[in-house]
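So the sequence shown is numbered by the working numbering: it starts at 2 and just counts up by one. Every residue gets a Cβ at the ideal spot worked out from N, C-alpha and C, and that includes glycine. Encoded as structure tokens, the structure appears first; notes follow it.
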Amino acid sequence: MRGDPTLEHPVRLDTMDAMLFRLDEGFRSRAVACAVIFVVAIALRLLAIGELGDLPLSRTPQLDSAAYLSWARAIVADWSYWPAYPEHASGYPYFVATVLAMFDSLTAVRVAQAVLGSIGCVLTARVAARTLTPSAFLPAGLLQATYAPLIYLETAILAEALFIFLLTASLDLITGAGRHRYRWLIAGAVLGAAIVVRPTAMVLLPAYAIVAWRSQRERFLSLVGATVAGLSILVAPVVVQNWRVSGLPMVQAYGGMNFYLGNRPTGDGAARARPGGEWDALEGAASRAGSTRNDQDRYYLSRAFEEISVRPIASVQLLGSKLMWTLQDEEIRDTHSYYFFRETMPLLQYLPSFGLLLALAVVGLAVRTPPSRWWLFGYFMAMLLSVVLLVVGTRYRMPLVPALFPFAGAGIAALLERMRLRDFKRAAVLGAMAAAVWGFSEIRTDEPSRNFAEEWALTGLSLLQERKLEESEAAFRTAIGLDESSLAWDGLGLVLQRRELRTSAREAFERAVRINPENATAWVHLGFSYEFLGNGRAAIAAYQKALEITPQRADAQQMLAAALRRYRLQ
2 MRGDPTLEHP VRLDTMDAML FRLDEGFRSR AVACAVIFVV AIALRLLAIG
52 ELGDLPLSRT PQLDSAAYLS WARAIVADWS YWPAYPEHAS GYPYFVATVL
102 AMFDSLTAVR VAQAVLGSIG CVLTARVAAR TLTPSAFLPA GLLQATYAPL
152 IYLETAILAE ALFIFLLTAS LDLITGAGRH RYRWLIAGAV LGAAIVVRPT
202 AMVLLPAYAI VAWRSQRERF LSLVGATVAG LSILVAPVVV QNWRVSGLPM
252 VQAYGGMNFY LGNRPTGDGA ARARPGGEWD ALEGAASRAG STRNDQDRYY
302 LSRAFEEISV RPIASVQLLG SKLMWTLQDE EIRDTHSYYF FRETMPLLQY
352 LPSFGLLLAL AVVGLAVRTP PSRWWLFGYF MAMLLSVVLL VVGTRYRMPL
402 VPALFPFAGA GIAALLERMR LRDFKRAAVL GAMAAAVWGF SEIRTDEPSR
452 NFAEEWALTG LSLLQERKLE ESEAAFRTAI GLDESSLAWD GLGLVLQRRE
502 LRTSAREAFE RAVRINPENA TAWVHLGFSY EFLGNGRAAI AAYQKALEIT
552 PQRADAQQML AAALRRYRLQ
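Here it is in structure tokens:
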């Protein structure tokens with residue numbers, strides 16, 4: 002009987018059977034939780050694609066979305082294409098180009114982003130369980146699945162959909178890497194992919210290094226070296242290609258402009274310079290000052306530091322104000338107003354917003370959590386710094402949330418645990434803390450972000466490009482009814498010009514430049530209108546005015562040269 006192991010070690014086998022049973026149960030319950038998170042996330046995102054995807058601004062994108070799409074389509078036509086001066090990083094255009102090459106559909110791009118976003122929700126749940134508490138798994142994942150601003154961005158043609166997924170994946174990889182160098186190498190490659198989507202992800206490298214020093218000090222150099230190597234695999238080729246094409250070793254251009262926009266002491270740190278006005282004048286400032294294209298980032302940086310040195314107290318106050326705005330529930334317009342799209346999909350009004358997320362995250366941070374929380378805290382502080390030192394806005398703030406979701410999940414878990422244990426006093430304290438933070442986040446509102454004149458004007462441009470003249474004119478007139486918008490009057494002039502109402506078109510363009518004399522685009526259109534009416538001198542003057550505002554405008558240069566030849570006034 003000595004050969005029968007069941008008689009020799011009955012207790013040990015019973016214990017092992019129980020452990021295996023618990024592991025199996027845990028695996029099955031975790032798999033169910035993953036499925037629930039993914040299904041909720043993908044269902045909401047597909048619903049948003051159905052409701053938001055049919056908007057003119059979604060069908061025919063404008064501003065940054067149009068720039069991304071234009072680059073992606075150029076890549077599909079010629080995979081060796083690279084712009085001479087990239088206003089955006091290359092990662093997202095190549096992602097969009099890959100999907101378009103396979104499906105030739107913007108809806109397919111949105112669905113691909115929705116799938117990645119839904120996977121990201123599961124990764125966030127893993128991070129929450131690994132770094133804080135296993136009970137945070139489901140609430141953290143569901144919070145991300147239902148977070149309204151993220152649903153909007155993951156169904157738009159904007160880089161944040163891919164960016165947030167890569168940031169979340171980097172957190173998942175780095176927090177589970179342990180002492181294995183190959184995992185740190187992969188984590189570095191994912192972080193490198195995030196950098197070539199939006200370069201602000203670079204702030205995470207020192208943040209991760211600081212936490213690694215605390216937790217992996219004996220192998221610190223080896224692990225960080227592996228991370229840098231993985232990062233370089235993707236970042237170095239982009240920098241080299243930009244250096245070859247533009248003469249500058251960079252990931253993308255316009256960093257200096259963004260820094261100036263967010264840090265000029267006369268501003269409030271938001272993207273207030275808008276198309277059809279101040280943006281035109283600001284974009285041409287470097288050229289007017291004699292700076293070359295390659296020197297323009299240096300120009301805007303030096304201009305920002307010069308203004309900061311003249312008004313240092315105002316600059317410090319501005320940083321405080323930007324921090325305050327960053328922690329408010331309000332979604333400040335950058336490319337578009339989030340609230341314009343929320344009105345189209347009312348469900349977004351009832352889903353979690355930033356204020357609730359922040360309130361629950363503070364509760365999660367307040368309860369006792371393991372040392373591994375420093376990964377999340379380091380990530381959050383690095384991304385918070387990137388917002389406060391650059392521009393405040395919906396897209397700029399979104400990278401904060403991958404760290405807030407795990408903390409918020411832990412906060413929900415703590416509240417539920419206190420209730421389960423009937424520890425109502427502690428639950429009340431945590432609830433009061435959440436209510437106080439939520440109340441703090443509601444102190445400020447941003448009225449310009451809730452004025453949709455610009456969105457209606459851009460809708461008019463989309464409809465005009467789709468050759469829907471009546472709908473386009475209605476959109477422009479809606480914008481004018483909301484605000485005396487130079488952008489809208491300029492667009493209305495284009496519609497009237499297309500309908501061959503040339504005198505009315507000229508009057509609309511003249512109205513646009515009276516409202517905002519810095520609208521270089523309207524001056525170009527006015528010049529073209531004058532040419533239609535046979536007024537050559539006025540046309541040339543209008544083109545010259547456009548070039549005074551933005552000297553680098555190629556269309557104004559070409560039209561001025563043609564007009565000078567045509568009217569023999571050279």
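> Can you tell me whether K426 is buried or exposed, with buried defined as 16 or more other CB within 10 angstroms of its CB?
Replying inline: Exposed.
> Which of the three DSSP states, helix, strand or coil, is assigned to P552?
Replying inline: Three-state DSSP puts P552 in coil, outside helix and strand.
> Smallest Cα separation from A188: which of R289, T61 and S233?
Replying inline: That would be S233, whose Cα lies nearest to the Cα of A188.
> Looking at the unbroken alpha helix (DSSP H) that takes in N259, where does it start and where does it end?
Replying inline: N259 -> alpha helix (DSSP H) spans G256 to N264.
> Out of T504, E472, K469 and V514, which has the shortest C-alpha to C-alpha gap to S486?
Replying inline: It is V514.
>> Going by the DSSP bridge assignment, what does A271 pair with across the sheet?
In response: Looking at the DSSP assignment, A271 forms a beta bridge with V393.
>> Please report the distance separating the alpha-carbon of I541 from that of R567.
In response: If you take the alpha carbons of I541 and R567, they lie about 10 Å apart.
> Using the beta-carbon count (16 or more within 10 Å), is I550 buried or exposed?
Replying inline: When all chains shown are included, I550 counts as buried.
> Would you call the region 301 to 315 and the region 335 to 354 in contact, with 3 or more CB pairs under 8 Å?
Replying inline: The way I'd put it, the region 301 to 315 doesn't touch the region 335 to 354; fewer than three beta-carbon pairs between them come closer than 8 Å.
> Start and end of the alpha helix (DSSP H) containing S171?
Replying inline: Note, S171: alpha helix (DSSP H), E161 to T176.
> Taking one C-beta from the region 376 to 392 and one from the region 227 to 242 each time, how about it: are there three or more such pairs within less than 8 Å?
Replying inline: The answer is no - the region 227 to 242 does not touch the region 376 to 392, with fewer than three Cβ pairs under 8 Å.
>> Please classify Q114 as buried or exposed, where buried requires at least 16 neighbouring CB atoms within 10 angstroms.
In response: Buried is the call here.
> Does the region 130 to 144 come close enough to the region 409 to 416 to have 3 or more Cβ pairs within less than 8 Å?
Replying inline: Output reads yes: the region 409 to 416 touches the region 130 to 144.
> If you count every other CB in all the chains shown that lies within 10 Å of the CB of R538, and 16 or more means buried, which is it?
Replying inline: With a 10 Å radius around the Cβ and a threshold of 16 neighbouring Cβ atoms, R538 comes out exposed.
> Assuming A190 contacts R184 under a Cβ cut-off of 8 Å, what Cβ separation, rounded to an integer in Å, is found between them?
Replying inline: That pair is no contact at about 11 Å.
> Pick from T336, G528 and C35: whose alpha carbon is nearest that of A562?
Replying inline: Closest option to A562, Cα to Cα, is G528.
> For P57, which residues from the same chain have a beta carbon less than 6 Å from its beta carbon, with the 5 sequence-adjacent residues on both sides left out?
Replying inline: Answer for P57: T460, S463 and L464, listed in chain order.
> With distances taken from CA atoms, which of A286, L205 and N264 is nearest L319?
Replying inline: Measuring C-alpha to C-alpha distances from L319 to each of A286, L205 and N264 identifies N264 as the nearest.
>> I need the straight-line Cα distance from T479 to A523, nearest angstrom please.
In response: When only Cα atoms are considered, T479 and A523 end up about 19 Å apart.
> Given E52, which residues of its chain have a CB within under 7 Å of its CB, disregarding the five upstream and five downstream residues?
Replying inline: Its chain contains T345 and M346 as the residues whose beta carbon lies nearer than 7 Å to that of E52, once the 5 sequence neighbours on both sides are disregarded; these appear in chain order.
>> I'd like to check one pair, G394 with L133: are the Cβ atoms closer than 8 Å?
In response: Their beta carbons are not under 8 Å apart, which means L133 does not touch G394 by this criterion.
>> Rounded to the nearest angstrom, what separates S66 and V100 at their Cα positions?
In response: Answer to the nearest angstrom: the Cα atoms are 15 Å apart.
> With C-beta atoms as the reference, is L47 less than 8 Å away from T147?
Replying inline: In this structure, the beta-carbon distance from L47 to T147 does not fall below 8 Å.
> Exposed or buried, which one is P250 when buried takes at least 16 other CB atoms within 10 Å?
Replying inline: Its Cβ having fewer than 16 others within 10 Å, P250 is exposed.
> Hey, Y255 and T228 are a contact pair by Cβ (cut 8 Å); roughly how many whole angstroms apart?
Replying inline: About 27 Å; that fails the 8 Å criterion.
> Under the rule that 16 or more other beta-carbon atoms within 10 Å means buried, what is L534, buried or exposed?
Replying inline: Per the 10 Å Cβ criterion, exposed.
> Just the Cα atoms here: how many angstroms apart are V128 and L192?
Replying inline: The alpha-carbon separation between V128 and L192 amounts to approximately 16 Å.
> Is it the case that the Cβ atoms of L431 and A454 are separated by a distance below 8 Å?
Replying inline: No, they are not a contact pair.
> In terms of residues, what are the limits of the alpha helix (DSSP H) holding V514?
Replying inline: Residue range R503 to I516 is occupied by the alpha helix (DSSP H) that includes V514.
> Short check: CB of A213 to CB of V225, under 8 Å?
Replying inline: Yes.
> Rounded to a whole number of angstroms, what is the C-alpha to C-alpha distance between I43 and Y153?
Replying inline: So the two alpha carbons sit approximately 13 Å from each other.
>> Rounded to the nearest angstrom, what separates W457 and Q63 at their Cα positions?
In response: If you take the alpha carbons of W457 and Q63, they lie about 12 Å apart.
>> Measuring only the C-alpha atoms, how far is L340 from E332?
In response: Reading off the sequence shown, one finds Tyr at residue 340, where the question assumed Leu. If you take the alpha carbons of Y340 and E332, they lie about 8 Å apart.
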